[in-house]
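If you're matching them up, the sequences are chains A and B in order.
Note that this note's numbering gives residue 13 to position 13 of the first sequence, counting from 1, and the numbers run on in steps of one.
Note that this note's numbering gives residue 281 to position 281 of the second sequence, counting from 1, and the numbers run on in steps of one.
Accompanying notes for the structure given below.
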Amino acid sequence: MGSIQLTHYLVLSAVLFSVGAVGFLVRRNSLVALMCIELMLNAVNLTLVAFNRWMPANPGGAVAHHGQVFAFFVIAVAAAEAAVGLAIVLSLYRVRKVVRTDDANLMKE
Amino acid sequence: MKDMLLYLLPIVILAVGGFSLMLVDAFQKEEGGLAIPTAMLHFASGAACLALWNYAGSPADLARAASAFNGWLAFDRTTLFLDLIIALGGGLASLLAGSYLNEHKLERGEFYTLITFASAGCMMLAGATDLIMVFIGLETMSLGVYAMTAFRRTNARSQEGALKYFLLGSFAAALLLYGSALLYGMTGHTDLAGIRAALAAPLDVPGLAAQEGGALALSVQQTVRDRVVILAMVLVIAGLAFKIGAVPFHMWVPDAYEGAPTPATAYMAVTVKAAAFGAMLRVLVGVFGDTTGAASLAGGWPGLLAWLAVASMVIGNLVALSQSSIKRMLAYSSIAHGGYILAAFVVTPRAELLPGGEGTVGQSAAASVLFYLLAYAVSNIGAFGALMLAGSRGKEAVSYDDVAGLGKRHPAVALALSFFILSLAGIPPMVGFFAKYNVIRSALEANYTWLAIALMVNSAIGVYYYLRVLVKMYMHDPAPGATRAEPMVSPGIWLTLIFTAVLVLVMGAMPQTFFGYALEAVKLAVAPVAAAATP
């Protein structure tokens with residue numbers, strides 16, 4: 001077997017992303033849904049960083065680091081998103097004492 | 001540096017203003033009083049957009065603006081047009097909020113900070129020409145709007161709507177991000193112009209073609225790249241379609257619209273849509289709009305969007321028919337309006353010249369999108385404003401039954417609500433009619449006859465449920481003992497409504513002039529539509 005290649009990282013991150021996406025769609029606990037979203041965002045980070053690592057250098061010899069910069073932004077925004085998300089979950093819990101998305105059912109078609 | 005600050009002025013005014021509002025709110029002794037400053041900030045930002053219009057008047061200006069930002073943001077007239085809609089929507093929504101929050105004892109300064117920062121995010125999204133910028137703008141906008149949706153802290157509906165909006169919105173952002181990451185990996189660029197150039201050129205791996213079997217390996221890699229790019233494109237479309245609330249990504253719309261305080265509903269209906277459609281214009285037409293390139297991806301997405309458009313129109317309108325709440329009806333109708341705009345969007349990559357020599361079919365369609373967004377913004381702000389005005393604390397006008405007999409009890413308020421409802425329904429001479437007319441014309445110009453027919457049939461369905469509001473107000477009496485809406489006393493909302501009504505009438509009286517501005521806005525755009533003009 002050869003060493004670890006770009007493909008390995010991409011497959012791993014695709015699997016992580018799918019686990020997150022399926023988990024988000026299947027699980028009904030809003031905290032688990034938040035965790036699934038974090039998983040998806042981290043899969044994206046892994047993809048970005050892996051692509052950046054294997055990116056061929058420019059003709060000048062320098063490697064651009066857009067992928068890594070992107071990953072930093074994703075990390076920062078994910079933190080802000082988690083803060084707002086948890087605040088909303090908490091606020092719903094205060095009013096209705098529920099955390100499951102099934103129970104958030106006051107409004108119907 | 002000087003250039004950069006000048007071009008950034010619309011966003012800088014809002015960002016600095018948002019921080020100042022936060023400080024003022026923290027140090028002032030009494031709550032409230034921030035609505036007018038917030039509206040002024042938005043209008044100042046809008047005035048800056050108008051002032052910058054001439055600075056984006058030639059290709060040399062655009063090149064200077066592009067070099068000031070290294071391709072992160074485009075300050076062309078498309079961006080300025082969208083920024084103007086955002087500034088107008090945000091300013092009017094904060095004027096409405098001043099009266100509404102006071103009446104409903106929700107007056108807290110955070111709302112105005114949130115609306116200001118969200119508007120700055122919308123403007124970033126509307127002008128973004130880099131995938132990183134698209135993401136940052138999208139999240140800045142969304143985080144503000146999530147919090148505004150949850151602003152009625154003791155109201156369970158508000159919290160529920162916010163939770164649904166937040167979870168689905170974050171999921172959509174993750175899809176968009178994964179698509180962006182794949183695009184980055186396949187092209188090595190995050191800027192849209194770089195991605196476009198990389199996709200237009202055939203794949204080349206240095207040294208590979210010279211090896212034995214290298215040609216085959218290269219063609220396999222080319223196929224893989226094309227497949228991955230298509231997957232990435234679908235993910236990006238899905239992420240943006242969530243934000244505009246297109247079917248099948250619309251589940252959050254009715255709940256978030258119903259749960260949010262009405263000024264926040266008006267705000268997100270108008271500005272979030274404008275910003276997300278702007279980003280769509282840049283990403284789809286800008287990156288994948290090339291019909292002549294090697295990958296020729298423009299063959300795929302217009303068809304996909306056409307189905308999204310028809311599904312949004314049909315489902316939005318049919319479900320709107322059976323609503324008992326006017327706010328929820330407006331939410332479903334906004335899904336349908338998103339569908340009408342998407343119908344014009346389908347035509348945007350077409351590069352045939354128009355018979356009159358007025359640019360290309362695609363440019364005229366993109367102008368229809370911008371014109372529709374402006375018309376929809378003024379009509380919708382007015383409709384939500386009139387709905388707010390029709391109710392007061394404990395006697396809100398939410399359902400059809402609440403407004404029964406309003407025409408007899410409070411003719412002026414009923415007239416205001418009818419006026420904007422008719423504009424949304426697309427009755428001439430209101431601007432809503434001309435917005436729909438432009439979209440239908442664009443669809444016909446590109447020989448999408450079936451799309452034009454679907455649009456007309458759906459507008460007719462739309463008229464039915466819009467007119468139901470009028471029928472309820474003027475021809476029905478409230479059931480004995482039922483709650484009835486009592487209009488609030490609010491000069492602020494009246495002023496906003498009069499201003500909006502004037503805009504609706506002026507734009508309805510001179511649709512060609514305003515369509516001309518929209519056409520100018522797309523003709524001189526950085527990448528997307530200008531590139532389509534030179535086949």
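We put the beta carbon where it would ideally sit given N, CA and C, even for glycine.
Check: With 7 Å set as the bound, which would you pick, yes or no: does the beta-carbon of residue 66 of chain A sit closer than that to a beta-carbon of chain B?; Outcome: yes
Check: In the segment 219 to 294 of chain B, which residue ranges form an unbroken alpha helix (DSSP H) of at least 4 residues, counting only runs that do not cross its ends?; Outcome: 252 to 259, 262 to 267, 273 to 280
Check: Alpha carbon to alpha carbon, how far is residue 101 of chain B from residue 107 of chain B?; Outcome: 5 Å
Check: For residue 169 of chain B, which of A/51, A/47, A/33 has the nearest alpha-carbon?; Outcome: A/33
Check: In chain B, what lies closer than 9 Å to residue 12 of chain A by C-beta?; Outcome: Near residue 12 of chain A there are no residues of chain B at all, since even the closest Cβ is about 13 Å away, more than 9 Å.
Check: For a contact defined as C-beta to C-beta under 7 Å, what are the partners of residue 91 of chain A on chain B?; Outcome: 150, 153, 159
Check: Among the residues of its own chain, which have a CB less than 7 Å from the CB of residue 90 of chain B, if the five just before and after it don't count?; Outcome: 42, 115, 119, 267, 271
Check: Based on DSSP bridge pairs, tell me the residues matched to residue 100 of chain A.; Outcome: A/29
Check: For residue 490 of chain B, which residues in the same chain have their Cβ closer than 6 Å to its Cβ, ignoring the five residues on either side in sequence?; Outcome: 99
Check: Using three-state DSSP, classify residue 149 of chain B as helix, strand or coil.; Outcome: helix
Check: Listed from N- to C-terminal order along the chain, which residues in the segment 7 to 40 of chain A have their beta-carbon within a distance smaller than 7 Å of any beta-carbon of chain B?; Outcome: 17, 24, 30, 33, 37, 40
Check: Does the structure place the segment 360 to 368 of chain B close enough to the segment 310 to 323 of chain B that three or more beta carbon pairs sit under 8 Å?; Outcome: no
Check: Which residue marks the beginning of the alpha helix (DSSP H) containing residue 510 of chain B, and which one marks its end?; Outcome: No alpha helix (DSSP H) contains residue 510 of chain B, which DSSP labels as neither H nor E.
Check: Which residues does DSSP list as the beta-bridge partners of residue 119 of chain B?; Outcome: Answer is none; residue 119 of chain B lacks a bridge partner.
Check: Below 8 Å, how does it come out for the segment 204 to 213 of chain B and the segment 169 to 179 of chain B: are there three or more Cβ pairs, yes or no?; Outcome: no
Check: Determine which residues share a DSSP beta bridge with residue 360 of chain B and list them.; Outcome: B/353
Check: By how many angstroms is the C-alpha of residue 155 of chain B removed from the C-alpha of residue 282 of chain B?; Outcome: 38 Å
Check: Between the C-alpha atoms of residue 224 of chain B and residue 230 of chain B, what's the straight-line distance to the nearest angstrom?; Outcome: 10 Å
Check: Checking contacts by CB at 7 Å: is residue 96 of chain A closer than that to chain B?; Outcome: yes
Check: Give me whichever residues DSSP pairs with residue 191 of chain B in a beta bridge.; Outcome: B/130
Check: List in chain order: all unbroken alpha helix (DSSP H) runs of 4+ residues lying wholly within the segment 12 to 69 of chain A.; Outcome: 30 to 53
Check: Residues of the segment 250 to 283 of chain B with a CB closer than 9 Å to any CB of chain A: list them in chain order, please.; Outcome: 254, 255, 258, 259
Check: Is the number of C-beta pairs between the segment 185 to 203 of chain B and the segment 245 to 264 of chain B that are closer than 8 Å three or more?; Outcome: no
Check: What's the C-alpha gap between residue 498 of chain B and residue 33 of chain B?; Outcome: 22 Å
Check: According to DSSP, which residues form a beta bridge with residue 392 of chain B?; Outcome: B/395
Check: Would you identify the three-state DSSP class for residue 325 of chain B, choosing helix, strand or coil?; Outcome: strand
Check: Please give me, in chain order, every unbroken run of the alpha helix (DSSP H) with length at least 4 that falls completely inside the segment 422 to 493 of chain B.; Outcome: 431 to 445, 449 to 475
Check: Roughly how many whole angstroms lie between the Cα atoms of residue 388 of chain B and residue 85 of chain B?; Outcome: 21 Å
Check: What is the DSSP secondary structure of residue 515 of chain B, counted as helix, strand or coil?; Outcome: helix
Check: When you compare the CB of residue 239 of chain B with every CB in chain A, is at least one pair closer than 7 Å?; Outcome: no
Check: Nearest chain A C-beta to residue 11 of chain B closer than 7 Å, yes or no?; Outcome: no
Check: Going by other Cβ atoms of all chains shown within 10 Å of its Cβ, with 16 needed for buried, is residue 94 of chain A buried or exposed?; Outcome: exposed
Check: Strictly under 7 Å for the Cβ-Cβ distance: is residue 79 of chain A near chain B by that measure?; Outcome: no
Check: Could you say which of B/256, B/22, B/103, B/83 lies nearest to residue 492 of chain B if we only look at CA atoms?; Outcome: B/103
Check: Check distances from the C-beta atoms of the segment 460 to 494 of chain B to those of chain A and list, in chain order, the residues that come in under 8 Å.; Outcome: none
Check: In whole angstroms, what is the alpha-carbon distance linking residue 372 of chain B and residue 426 of chain B?; Outcome: 11 Å
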